[in-house]
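Step one of this worksheet: look at the structure below.
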Amino acid sequence: MPSILTNASALTALQNLANTQKSLATTQEQLSTGLAVGSAKDNGAYWSIAQTMNSDNGALGAVGSSLKTTSAMLANFTSGIKAAISVVNKIKADLVLAEDPTQDLAKIQEDIKAQQNSLIQIANGGTFNEQNWMNGTVTGTANASVSSTITLVGGYTNDGGVQTISTAGSDINLFIGVASDIASATGGILGGTPTAGGTGSVLGTGAFDVTVSSAQSQIEDMLTSINNTISLLETSASSVGSVETQVSTQATFVSAMQANLSNGISALVDADMNQVSTRLQALQTQQQLGVQSLSIANQSTQMILKLFQ
2 MPSILTNASA
12 LTALQNLANT
22 QKSLATTQEQ
32 LSTGLAVGSA
42 KDNGAYWSIA
52 QTMNSDNGAL
62 GAVGSSLKTT
72 SAMLANFTSG
82 IKAAISVVNK
92 IKADLVLAED
102 PTQDLAKIQE
112 DIKAQQNSLI
122 QIANGGTFNE
132 QNWMNGTVTG
142 TANASVSSTI
152 TLVGGYTNDG
162 GVQTISTAGS
172 DINLFIGVAS
182 DIASATGGIL
192 GGTPTAGGTG
202 SVLGTGAFDV
212 TVSSAQSQIE
222 DMLTSINNTI
232 SLLETSASSV
242 GSVETQVSTQ
252 ATFVSAMQAN
262 LSNGISALVD
272 ADMNQVSTRL
282 QALQTQQQLG
292 VQSLSIANQS
302 TQMILKLFQ
């Protein structure tokens, strides 16, 4: 029954047009943001999971940056230890020369002292980001204990928190403290005073003086000490290399985890742009038809006027 108070056809057309416009607005938002789930109202469960994964991804990004810095720092220490081994080998060659009675011991001693000073410069100059394990500077604190455990960030999980990589400072310290001369370089692999039997190291008070009267009888002990020192330096290089390997492995793993999390977040919240663009075209067509349908429905009431003509 036609009515001038209620136009059921127009109301139906208007409701359909409103639904189409609502869907169109949602589709246009997905098209502009690229997200099917842009907020909790779109899908609370997916949005919450994605936020947690995004937070974890950010934490892993920080771990990845830390691992890159750590890798560069370890490479710096490796270079320092290699340089120290080269210098100690030169001291060893000087000691062998000193056993030749025809050599000038004063000149040999001058070269040994120059090499010892080089060792101090190598250890003191190896600082990277306030870290210098070669002279015992850990986390910006000089004169750190030779036996201190050095802990590095190695990974992160939401359940387990920060994962660490640890190594002993005693494996790497060439001496302890920022030494200014041979006498002040104490402890560690190079610091200390050689004793009978070849114990002790290449720095410290009275170390490796071939000019003293008793030196000739002690050169063999000095050579034994040098060989022990070279062995310790090689162990030190191996320790740093082992940590470098762990850091490299973790960096690769963290990078893979970040990629996996990014892919997981994308699967949860990203819009399928092929579907969105197709839906947009369909909804625009529906909107045009809805407007025409509403126009026709609104015109139908005017047919009543013809009854009075």
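Residue numbers 2 to 310, in our numbering, belong to the letters of the sequence shown in order. All C-beta atoms in this analysis are idealised placements derived from N, C-alpha and C, irrespective of residue type, glycine included.
Which of helix, strand or coil DSSP assigns to residue i
i           : result
residue 169 : strand
residue 153 : strand
residue 176 : coil
residue 289 : helix
residue 198 : Unreliable positioning characterises residue 198 in this predicted model, as indicated by a pLDDT of 48, which lies under 50. The coordinate reading is nonetheless provided below. DSSP places residue 198 in coil when its eight states are reduced to three.
residue 36  : strand
residue 161 : coil
residue 104 : coil
residue 55  : helix
residue 78  : helix
residue 9   : helix
residue 97  : helix
residue 275 : helix
residue 128 : coil
residue 203 : coil
residue 133 : strand
CB of residue i within 8 Å of CB of residue j, strictly
i           : j           : result
residue 177 : residue 187 : yes
residue 191 : residue 47  : no
residue 139 : residue 67  : no
residue 180 : residue 121 : yes
residue 170 : residue 151 : yes
residue 189 : residue 127 : no
residue 61  : residue 282 : no
residue 287 : residue 21  : yes
residue 98  : residue 109 : yes
residue 65  : residue 255 : yes
residue 93  : residue 220 : no
residue 9   : residue 299 : no
residue 156 : residue 251 : yes
residue 51  : residue 266 : yes
residue 115 : residue 175 : no
Candidates the options: closest to residue i by CA position
i           : options            : result
residue 83  : 241, 53, 253, 286  : 241
residue 185 : 238, 100, 237, 118 : 118
residue 244 : 18, 71, 277, 42    : 71
residue 81  : 238, 111, 251      : 238
residue 213 : 107, 267, 158, 233 : 107
residue 278 : 303, 17, 16, 37    : 37
residue 132 : 168, 75, 163, 164  : 75
residue 230 : 209, 257, 218      : 209
residue 18  : 294, 222, 276, 223 : 294
residue 79  : 304, 296, 234      : 234
residue 91  : 164, 224, 303      : 224
residue 23  : 77, 111, 280, 253  : 280
Whole-number beta carbon distance between residue j and residue i, since they are thought to touch under 8 Å
i           : j           : result
residue 166 : residue 285 : About 57 Å; that fails the 8 Å criterion.
residue 14  : residue 291 : 7 Å
residue 262 : residue 135 : 37 Å between Cβ atoms; not a contact.
residue 95  : residue 113 : 5 Å
residue 89  : residue 203 : 6 Å
residue 272 : residue 31  : 4 Å
residue 57  : residue 159 : 5 Å
Test: residue i CB closer than 8 Å to a CB of chain B
i           : result
residue 301 : Included in the structure is just one protein chain, with no chain B present.
Proximity test, residue i beta-carbon vs the ligand PLP heavy atom, cut-off 7 Å
i           : result
residue 188 : Inclusion of the ligand PLP in the displayed structure is not the case, the ligand content being empty and no account of it being possible.
*Which full runs of the alpha helix (DSSP H) of 4+ residues lie inside the region 212-272, going along the chain?*
216-270
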